[in-house]
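Enquirer:
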Amino acid sequence: MDNKYKTITIVTVPGSMRKFPWFIMPGFDGVPISAPVAGVAVGLVTKYSQEKTGEMEDYRILTDILGIEDYFGDMDFKMAGTSKGITALQADIKIPGLPLKVVMEAIQQASVAKKEILQIMNKKIAKPRENRKENSPVIETVQVPLSKRTRFVGPGGYNLKKLQAETGVTVSQLDEEIFSVFAPTPSAMQEAREFISDLCKDDQDFQLEFGAIYTATITEIRDIGVMVKLYPNMTPVLLHNSQLDHRKIQHPSALGFEIDQQIQVKYFGRDPTDGRMRLSRKVLQSPASTVTRTLSDKNNITMSGVNSSTPS
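Every letter in the sequence shown is one number past the one before it in the UniProt record's numbering, and letter 104, counting from 1, is 104.
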């Protein structure tokens, strides 16, 4: 099989107990491979001399064994390969040793069987299909910037779980910014693309300025802080209790905050590790003048000085 393709189709011969022969059809499921592969299992039944301990008196090599022949036999010798040679060998042996002569005969019989299977396969389909099947699996990678990873994953992995439940895809993280998405069908992958696009798209074209002061609206009050928005379509972010006031508070209600109340916050970029927005109200609780920016209206900017302090 061509190494760049990870998906193969294994077709087994009908029969409830039959394990082999099996074969990999070229492009059978729309996945191109470098060459068709066939395999066969060879069994062994032996008779040992009663006079000479450990000496094999007679044996029979069985081609294309059944499950019962594997169970009662002395060997399950599996071989796979293309028309050019052998690609895999594996053997389960129940006897103490196996003479080289028996091994060579097993390989010879398996090679003959493999050749016959390949001939049957070539009559059915000689080369990979040009187009993949409409329902074939799809694997893609998605790059998620650190600034959007929190939104992509969601609290406690909620967004990822929702993505997988609604579209049927499987998501695996490869590194800090790269995720692998496996979809059982192209249509499922398309649904996943749309879901991810809606999840990670920029809320608006606002470019936040590091160190600028913005008017934020409280959307939710929690024990550890308040959730705020800087503009209408923005995903709410947490403003922690430690960044609400110079005084140590246990709950935002101590400051009399209410939902839909507007407060002034300073923007300090995003956390380089998880991409979360860093805001602070505490640094503004001083007599120093500030520059306030209201993002609900890009032209509404009130200027009265600059405050260069940073959150602690």
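Glycine residues also receive a C-beta, built at the ideal position from the N, C-alpha and C atoms.
#1: Taking contact to mean 3 or more Cβ pairs, one atom from each stretch, closer than 8 Å, check whether the region 190-200 and the region 158-169 are in contact.
#2: Return yes when the Cβ of M75 is within less than 7 Å of the Cβ of G43, no when it is not.
#3: DSSP state of Y231, grouped into three classes?
#4: So what does S280 bridge to, in DSSP terms?
#5: Between D223 and V138, what straight-line distance do the alpha-carbon atoms span, to the nearest angstrom?
#6: Which residues mark the beginning and the end of the beta strand (DSSP E) in which E140 is found?
#7: Mapping the DSSP letters down to three states, classify G39 as helix, strand or coil.
#8: Excluding the 5 residues flanking Q261 on each side, which residues of the same chain have their C-beta closer than 6 Å to its C-beta?
#9: Look up Q190 in the DSSP assignment and give the residues it is bridged to.
#10: Among P128, P36, D245, which has the Cα closest to the Cα of Q285?
#11: Assuming R222 is part of the beta strand (DSSP E), what are its boundary residues?
#12: Counting pairs of Cβ atoms below 8 Å between the region 226-242 and the region 253-273, do you hit three or more?
#13: With 16 as the cutoff for other CB atoms within 10 Å, does G256 come out buried or exposed?
#14: Can you grab the Cα-Cα spacing for the pair S242 / V181, in whole Å?
#15: How long is the line joining the alpha carbons of A126 and V37, rounded to whole angstroms?
#16: Using CA coordinates, which residue listed in G81, T46, E57, S172 is at the minimum distance from S111?
#17: Three or more C-beta pairs under 8 Å: does that hold for the region 94-104 against the region 113-128?
#18: Would you kindly work out how many angstroms separate the C-alpha atoms of L208 and R132, rounded to a whole number?
#19: Is D175 close to the ligand SAM? I mean its beta-carbon at under 6 Å from any heavy atom of the ligand.
#20: Hey, out of I65, Q119, L62, whose CA is closest to A35's CA?
#21: Just grab the DSSP bridge partners of K248 for me.
#22: Any idea which residues DSSP pairs R60 with across the strands?
#23: By the DSSP assignment, the beta strand (DSSP E) with F179 in it spans what residues?
#24: Within its chain, find whatever has a CB closer than 7 Å to the CB of Q204; leave out the 5 residues flanking it on each side and keep chain order.
#25: Return the chain-ordered list of same chain residues with a C-beta closer than 7 Å to the C-beta of E140, the five sequence neighbours on each side being excluded.
#26: Using the C-alpha atoms, what's the distance from I263 back to K248?
#27: Are the beta-carbon atoms of A106 and F72 separated by less than 7 Å?
#28: How many whole angstroms separate the CB atoms of I95 and T46, which I take to be in contact at a CB cut-off of 8 Å?
#29: Go ahead and pull the three-state DSSP assignment for K114.
#30: Smallest Cα separation from K282: which of P252, K84, A183, G157?
#31: Please classify S280 as buried or exposed, where buried requires at least 16 other C-beta atoms within 10 Å of its C-beta.
#32: Output needed for E116: all residues of its chain with C-beta closer than 8 Å, excluding positions within five of it in sequence on either side, in chain order.
Expert: Walking through what the data contain:
#1: With the cut-off at 8 Å, the region 190-200 and the region 158-169 touch.
#2: In contact: G43 and M75 (Cβ atoms closer than 7 Å).
#3: Coil at Y231, not helix or strand.
#4: Listed as beta-bridge partners of S280 by DSSP are K266.
#5: So the two alpha carbons sit approximately 43 Å from each other.
#6: For E140, the uninterrupted beta strand (DSSP E) segment begins and ends at 138-143.
#7: Three-state result, G39: strand.
#8: Sequence-distant partners of Q261 (beyond 5 residues in either direction) whose C-beta falls short of 6 Å from its own C-beta, in its chain, are I218.
#9: Residue pairing by DSSP places Q190 opposite no residue, since no beta bridge is assigned to it.
#10: The option with the nearest alpha carbon to Q285 is D245.
#11: Note, R222: beta strand (DSSP E), 213-222.
#12: A contact exists between the region 226-242 and the region 253-273.
#13: When all chains shown are included, G256 counts as exposed.
#14: Going by the C-alpha atoms only, they are around 38 Å apart.
#15: The alpha-carbon atoms of A126 and V37 are separated by roughly 12 Å.
#16: Of the candidates G81, T46, E57, S172, the one whose C-alpha sits nearest the C-alpha of S111 is G81.
#17: Counting Cβ pairs under 8 Å, fewer than three are found: no touch.
#18: Counting only the Cα atoms, R132 lies some 45 Å from L208.
#19: This structure lacks the ligand SAM; in fact it carries no ligand of any kind.
#20: A check of alpha carbon separations from A35 across I65, Q119, L62 identifies Q119 as the nearest.
#21: According to DSSP, K248 bridges with nothing at all.
#22: Looking at the DSSP assignment, R60 forms a beta bridge with V45.
#23: Its beta strand (DSSP E) spans residues 178-183.
#24: With a pLDDT of only 44 at Q204, under 50, the local geometry of the prediction cannot be trusted, and no value is derived from it.
#25: Excluding positions up to five away in sequence, the list reads V181, M189.
#26: Between the alpha carbons of K248 and I263 lies a distance of about 18 Å.
#27: Judged by their CB atoms, A106 and F72 are not nearer to each other than the 7 Å cut-off.
#28: About 6 Å separates the beta carbon of I95 from that of T46, a gap short enough to meet the 8 Å contact definition.
#29: Looking at K114 - three-state DSSP - the assignment turns out to be helix.
#30: If we check each option's Cα against that of K282, P252 comes out closest.
#31: Classification for S280: buried.
#32: For E116, where only same-chain residues beyond five positions count, there are no Cβ hits under 8 Å.
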